[in-house]
Structure formats: structure tokens, C-alpha cells
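For reference, the structure is listed below as C-alpha cells.
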Amino acid sequence: MEVGSHGRDGELIPRITRRCLTDDLGLPAESVDLAIDELASANDVIAAFRDRRAETGSAGQEPIRSLLPEVVAFSLHVGRRRGATWHHREAGVIWLLAVGYHREGHPDDAYAYFERLKAAGRLLPERDDMLAFVRSQAPTLARSLLNDVPTLVAAARENPGVVHSGMIGGRVRVRLVYEAGDPAMLTVAISQRLFPGEMPMPADWLVRVAAAFLPDTPPERLSVAFDLAGQELEPDEVAFCDFVG
Amino acid sequence: MPVRTKPVRIFESDHAPLRLLAELERRSPQEVFHAALAEYLVSHRDKLAAKFADTQRAIASGDLDALTAQLVESAEAQADALMATLPENR
């Protein structure tokens, strides 16, 4: 069984740098906190970015040569406009870095503009962009801890001994099993890799996800487990368990 | 009926779990990983136990805002970790 907000394999998280939003697309700086669907409804380049990159999980087909080899960004064509998109593999994010008009041979041509931004150190995401990205994940994860975790636990209780899988907030893979016994035990295995991407799970998120699955366990009784009811853990999993009523 | 999972407590006041996990370190990479994690959890016991309890309280009261605020606490560290992966910083 799988519940929770699912990140499909290959799906990427779409983000747009604040500089691109304000300087290239003329949107207010606060729009960096808006959801991609809201932004897409206001701008056709963003809509194309979402549809052709994020939802398909495609980094792109046409690399922008002038940015190589340091930045492997790809060209997004929307009419005469060109966007520079970059797959930040570690973060699991596809970034829209810059947008300009394609004017062959013109100094203001989009590709020349992208190159100037790179030379000035203004093409790639800045720390504020990263912070906005990380903060944007928290509400979704929190909602999922409140809503999806009880559903997963209830399903596990209905099927003792059966390992259930889920994705919390589209970012945290979990597996859990309820073992009927006297007393019964609930074990949850939590992946140490945030999905999508390659970043490790922050230690405090690990503890908070465990708390959501074991809401009645006093901290001093929290235990780790080396297996899921006798089944091996995945190499990237850590399991927590407690006896439950 | 006994359950098959073998629990090892991590926030206990003595270091028995850590000693046990250190012994397991000689067995497999997964157990080494668990030992390292357990060591981390034990050495940050008070802080992590407080976070564990804070989250339980937010969940018990269905407080989405509190839970969101808790999950944002590590945002600065996560942003720094992501910055370190940019091509110009590798």
C-alpha cells in the first residue's frame, strides 16, 4: 500500500530564481514563495517550464554551449523567448535560471545574456533561493505528517505483519509494519535520502517523522530496530519502533 | 506471540545501546551505519528528545502552523548544504 503525496519517479521539483522572477519576468520578489501552478497561470514561459521540464522529469535536450562546461543548462523555447533551465541533481530541483528574447547576432540575445549572467556570478541560484526552496517544503511535509501518517498506521494495524510503503510530503520514503503480539509493536523505517535528489535527511526531520508515527512514545522509550518484522532494511533506511496498545 | 523486531532504545540515560551498536559495528555496513546514527542520537539526546516531544505535541493538537515552524528550524543548515553542491562551490 502506498499513501501520501507521491513524488513520481523522475519527477523534479520546479523552482525559479528570485533574480529570474523579478529581472527577467517582471514579477514581484515575493512571488518566489508562490506555488508553481500559481506562477504558471500568470506566465506562459513558467507554464512551459512546468509542463516540459518539471512534470516530465526532463532536464532538457539542447545544452546551452556558452555556459559549458561549468553549468550544464538547457534551452527552453517559448516563441521567441528562451529560458535557461538547470537540473540541480543533488536537490532534485529543476531551476529556471533566466529568460530572454532570442535575437540572433544581437547583443541582447538571450544566449549572450545568459553568458553575461554566468560571468557576473548571477546565473545560478543564490542562498536566498535555496532558503526559499527549503522553506517551501515544510508546509507540505507538515500536512502529510498530520494527515497521511495516521492513514498509513491505520492500514498497517489492519494488516499485521504486512509491510506498507508511503511517501511523506512527497519527500520522505517510509515503510512500516505492525506486528500483532502481546504487546504489539509498530516499526517505521525512514529513508535517509530526501526524494527526489541526493540530499541526506536532516537529523531533526528524521526525529520529527519518527514522532509522527509514534505519537504516544515517551522519548526515553524510543528505540531503533535493525529490521522490519524480520525483513532486512534498505541500505538507506533507519528504523524506529515501540510497543503500542 | 512474540514480535520479531528487536528494539534498541536510543534516548536511555546510560550508553548501553551505544555499546551494543558498537559491537555490531564489526558485522555489516548497515550496522555500522546504525551505530554511527545511534552515536549521533545519543550525543544529541536532550536536543533530539525535545524535538521528538515538541512534534508529538503539535501532532496531538493538530497544529499545522507549529509543525510547519518546527520543520523550518533546519532550513538555514539545509540551504547551506545545498549551496555547497552548486558547480561554483564544488
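So the sequence lines, in the order shown, correspond to chains A and B. So for the first sequence, my numbering puts the first residue at 4; every next one is plus one. So for the second sequence, my numbering puts the first residue at 8; every next one is plus one. We put the beta carbon where it would ideally sit given N, CA and C, even for glycine. These numbers were taken from a predicted model, which means no experiment stands behind them.
Per the DSSP secondary-structure output, residue 77(A) pairs in a beta bridge with 66(A), 88(A).
Chain A places no beta carbon closer than 9 Å to that of residue 50(B), leaving this residue out of the contacts. For the 9 Å CB-CB criterion, residue 74(B) and residue 62(B) form a contact. Contact note: residue 208(A) reaches chain B through 78, 81, using a C-beta cutoff of 8 Å and chain order.
A contact is defined here as three or more CB-CB pairs under 8 Å, and the segment 175 to 185 of chain A fails this definition with respect to the segment 109 to 119 of chain A. Taken through DSSP and simplified to helix, strand or coil, residue 226(A) comes out as strand. Taken through DSSP and simplified to helix, strand or coil, residue 203(A) comes out as strand. For residue 18(A), there is no enclosing alpha helix (DSSP H); the enclosing beta strand (DSSP E) has its first and last residue at 16 to 19. Taken through DSSP and simplified to helix, strand or coil, residue 245(A) comes out as strand. Here residue 94(A) is not near residue 126(A), since their CB atoms are 9 Å or more apart.
Residues of the segment 56 to 73 of chain A with a C-beta atom less than 8 Å from some C-beta of chain B are 73, listed in chain order.
From the listed residues 56(A), 182(A), 237(A), 152(A), the smallest Cα separation to residue 196(A) is found for 237(A).
Residue 182(A): member of the beta strand (DSSP E) spanning 175 to 182, first to last residue. Annotation: residue 145(A) to residue 212(A) spans about 9 Å, alpha carbon to alpha carbon. Judged by DSSP in its simplified three-state form, residue 46(B) adopts helix. Taking a cut-off of 8 Å on C-beta distances, the segment 84 to 91 of chain A touches the segment 58 to 70 of chain A, as three or more cross pairs fall below it. Taking every protein chain shown into account, the CB of residue 71(A) has fewer than 16 other CB atoms within 10 angstroms, so this residue is exposed.
When Cβ-Cβ separations below 9 Å define contact, residue 79(A) makes no contact with chain B. Residue range 130 to 161 is occupied by the alpha helix (DSSP H) that includes residue 154(A). Annotation: residue 56(B) to residue 21(A) spans about 37 Å, alpha carbon to alpha carbon.
Residue environment for residue 104(A): exposed (fewer than 16 other C-beta atoms within 10 angstroms of its C-beta). Residue 65(B) carries a helical assignment under DSSP once its states are collapsed to helix, strand and coil.
Taking a Cβ-Cβ threshold of 8 Å, the residues of chain A close to residue 95(B) are 73, 124, 127, in chain order. Judged by pairs of C-beta atoms under 8 Å, the segment 133 to 141 of chain A touches the segment 77 to 95 of chain B, as three or more such pairs exist.
If you check the CB distance, residue 67(A) and residue 19(A) do not come in under 9 Å.
In this structure, residue 58(B) lies away from residue 219(A), with their beta-carbon atoms at least 9 Å apart. The Cβ of residue 110(A) sits no closer than 9 Å to any Cβ of chain B. For residue 82(B), there is no enclosing beta strand (DSSP E); the residue is part of the alpha helix (DSSP H) that begins and ends at 82 to 90. As a beta-bridge residue in DSSP terms, residue 96(A) pairs with 16(A), 91(A).
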